[in-house]
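In the numbering used here, the protein residues as written are 496 to 713.
A virtual CB, placed ideally from N, CA and C, is assigned to each residue, including glycine.
Here is the structure we will look at, set down as structure tokens.
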Ligand code: GRF
């Protein structure tokens, strides 16, 4: 049985999707938030999962916060650390400590739109296709070997909220899938920093594109 620690900052719907997936061979050892008010903590608690808060406002220096967070994570000895809407930048030392076992989800088709407000950027830029990416975390912001992506159309009538909802539905599909592959030992990072999924053809594994929505007036 492999153990997973999930880090959240807010509502925790991706964490919920991973918990609900009941991934065989995996146990969610803890859900840790940097915000005491994170909505996702209640869901985790109600599902019998250990919860903890490492409040970033209690630490003046980022490195102090990262050290406290690492100590909390390590007390659960996880095989995998999952960032699920965890809204703190992590120090290079922290990232290095969990190298190869630290996953993140980002609401864009990386390398497009790193950082915040990805849905607004997609609409303002006029891209026709947007989506989400699960990737291994490296020291640079929203970069690192890509495990899986899901694409969605950007429709003419979209605002940030409608586009975010369409992307989020895909996040909830691809994050449990990526975690399952990790737990099954199927993810291999090649010497050029690309992820291969053992036993799955890349055209099946790398991208999931839902059918285009129809019925728009223009
Ligand atoms: C998701 O869109 C995720 O991609 C981004 O932050 C959001 C978190 O949502 N990093 P939730 O807390 O998982 O509901």
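Beta-carbon spacing of residue i, residue j below 7 Å
i: residue 573; j: residue 498; result: yes
i: residue 621; j: residue 645; result: no
i: residue 502; j: residue 597; result: no
i: residue 516; j: residue 651; result: no
i: residue 590; j: residue 632; result: yes
i: residue 542; j: residue 514; result: yes
i: residue 521; j: residue 500; result: no
i: residue 586; j: residue 615; result: no
i: residue 690; j: residue 676; result: no
i: residue 643; j: residue 607; result: no
Environment of residue i [buried if 16+ CB atoms lie within 10 Å]
i: residue 603; result: buried
i: residue 636; result: exposed
i: residue 496; result: exposed
i: residue 624; result: exposed
i: residue 610; result: exposed
i: residue 510; result: buried
i: residue 552; result: exposed
i: residue 639; result: buried
i: residue 580; result: buried
Among the options, the one whose alpha carbon lies nearest that of residue i
i: residue 595; options: 641, 564, 615; result: 641
i: residue 545; options: 552, 648, 570, 587; result: 570
i: residue 527; options: 576, 671, 519; result: 576
i: residue 519; options: 690, 678, 501; result: 678
i: residue 694; options: 630, 541, 583, 680; result: 680
i: residue 512; options: 690, 687, 668, 673; result: 668
i: residue 529; options: 676, 548, 623; result: 548
i: residue 568; options: 606, 643, 593, 609; result: 593
i: residue 654; options: 608, 606, 561, 618; result: 618
i: residue 683; options: 606, 630, 552; result: 630
i: residue 561; options: 581, 588, 582, 580; result: 588
i: residue 582; options: 563, 559, 550, 656; result: 550
i: residue 634; options: 666, 647, 584; result: 584
Unbroken alpha helix (DSSP H) runs of length 4 or more, entirely within the region 586 to 650: which are they?
587 to 592, 613 to 620
Would you be able to state if there are at least three C-beta pairs under 8 Å between the region 533 to 542 and the region 506 to 524?
yes
Completely contained alpha helix (DSSP H) runs for the region 510 to 589, where each covers 4 or more residues:
535 to 541, 557 to 569
Using 8 Å as the threshold, is the region 655 to 668 in touch with the region 601 to 619, meaning 3 or more CB pairs across them?
With a cut-off of 8 Å, the region 601 to 619 and the region 655 to 668 count as touching, because enough Cβ pairs lie within range.
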